[in-house]
Amino acid sequence: TRLKSQGNNAYGLSYALSSLRANPFRAFSLALTLSLGISLFASTMVWGDTGVYVSINEHLEGNAFQIQIKPQFGSTTTLEQAETYMLQDPLVESIYRINSTVGILAGFDIGTLNVNANISDSQVYDITGGLYSQGIKDFRTVFVDNDFLTLIKRDFRTEGIFQLQEGDVIVSRYFITLVEHVFDLFLDINDTINVDLLMGNDPGSPAILGNLGRTTINNLRIVGIFDPLSTDSIIERALPSTLRENWIQSNLRYPVLGLRDSILVLHDTVPENSMPEDGFFHPSTLIRVSASAIAAAGPENIVSNLFTLVFRTQERYNITWDGSDKIWAMQIAVNTYIASLSLSILALPV
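Residue numbering for the sequence shown is 1402 to 1751, as defined by our numbering.
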């Protein structure tokens, strides 16, 4: 048979009470240490949740967009459907469609000199040719609104004003450099430019300007100048440059017709329905994710949650996408913070 001790069940409580009476200061210090340990642990948990959100938000502050989607076959209908589908997901904060076309510098006024390029409708435009030798400066024209400009400003080094009113234009620093190459004149803030927008479909081969939906916009005042901070932002990927021999007499190839060789004008500069279905540049959509929704869905699941959303959209609407590296970068930033939080918990007093 097993023997059992017949101890006093009240002994523990009796001993604790007598210990409190005999050593009140020691009892108080033990209670204080215990309460501090509990409060430090609780505070660390609260700081941890806040810190996860802050680490996600800091990443988003340095990157206007995380994902880009494009229709696989250039159809704006499927792109619109994909946009609507993704915008319904709480992980998505905002979506912006980028429309752009070719612009040609038709003239400019720099205060002391007014220049008209005098390019006739019969002039042949070859997007792959040595146009600068013919005195033709082409570039990409991007249609934007001020909400979009506010968001993307973090991706640029800017001068002047980075907002647009009717009759305003913002130009890239590289665009100004290339204009100087062609005309040997330097544009600056408050100068005005005249622009021919090619609003027709891309013929796929050289064609006369008169057949390319040429639309002239005069007296656009330069209010701001921008220069991208990174060569790898999502917006630059959405507006890629093309390497081209600009001069007939030289085989040097220059990056042109991308974000860095562009001007930004208000989207209502031309009628909304005037954008061609098969223009020189296909539209793309940029997606910004929600910091609060990502944190609420589990910071350890950023990659799986966003990849699931994109893969579902891709399967339904036959889109292509870019931005996996941006999603992984956000996950790594959060994982690094969570790892540092674990170390801080281990360092708490025991």
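The beta carbon of each residue, even a glycine, is placed where N, CA and C say it ideally should be.
- In this model, R1541 and I1457 are separated by some 33 Å (Cα to Cα).
- The beta-bridge partner set that DSSP reports for E1637 is empty.
- Secondary structure at Q1650: coil, using DSSP grouped into helix, strand and coil.
- C-alpha of L1480 to C-alpha of R1622: approximately 33 Å in a straight line.
- Here the alpha carbons of L1667 and I1703 stand approximately 34 Å from one another.
- Burial is judged here by how many other beta carbons sit within 10 angstroms of a residue's own beta carbon; T1632 has fewer than 16 and is exposed.
- Annotation for E1716: the continuous alpha helix (DSSP H) segment containing it runs 1703 to 1718.
- By the 16-neighbour rule on beta-carbons within 10 angstroms, N1515 is exposed.
- Taking one beta carbon from each stretch, the segment 1462 to 1472 and the segment 1709 to 1729 have 3 or more pairs nearer than 8 Å; the two touch.
- Rounded to the nearest angstrom, the Cβ distance from T1643 to I1496 is 26 Å, too far for a contact under 8 Å.
- With fewer than 16 other Cβ atoms from the protein chains shown falling within 10 Å of its own Cβ, I1649 counts as exposed.
- The residues A1507, G1508, N1619, in chain order, have a CB closer than 6 Å to that of N1595 in the same chain once the five nearest residues on each side in sequence are set aside.
- In the DSSP assignment, G1625 is bridged to G1561, I1571.
- According to DSSP, I1505 shares a beta bridge with D1539, D1597.
- P1629 sits buried, since 16 or more C-beta atoms from the chains shown fall within 10 Å of its C-beta.
- In chain order, I1505, A1507, R1615, T1617 place their CB closer than 6 Å to the CB of D1597, counting only its own chain and leaving out the 5 sequence neighbours on each side.
- Shortest Cα-Cα distance from R1717 to any of E1462, Q1482, V1455, G1699 involves Q1482.
- Pairing A1694 with P1491 gives a Cβ-Cβ distance under 8 Å.
- Checking the DSSP bridge columns, you'll see I1618 partnered with V1596.
- Between N1517 and I1511, the alpha-carbon positions lie close to 12 Å from each other.
- Cβ neighbours of L1658 within its own chain (closer than 6 Å, five residues either side excluded): R1541, T1643.
- For E1484, the closest C-alpha among the options V1545, S1705, V1711 is that of V1711.
- A Cβ-Cβ separation of about 6 Å places V1624 in contact with G1561 under the 8 Å criterion.
- DSSP places Q1482 in no beta strand (DSSP E) but in the uninterrupted alpha helix (DSSP H) bounded by 1477 to 1488.
- F1544 sits in a strand when the DSSP states are folded into three classes.
- The criterion of a C-beta distance shorter than 8 Å is satisfied by V1690 and L1707.
- In the three-state scheme derived from DSSP, where H, G and I count as helix and E and B as strand, N1612 is classed as helix.
- Closest in alpha carbon position to L1610, among E1678, N1519, Q1566, Y1526, is Y1526.
- Across the set E1646, T1559, V1572, the C-alpha of V1572 shows the shortest separation from the C-alpha of T1593.
- For S1685, the enclosing beta strand (DSSP E) starts and ends at 1685 to 1690.
- E1494 and F1627 have their C-alpha atoms roughly 25 Å apart.
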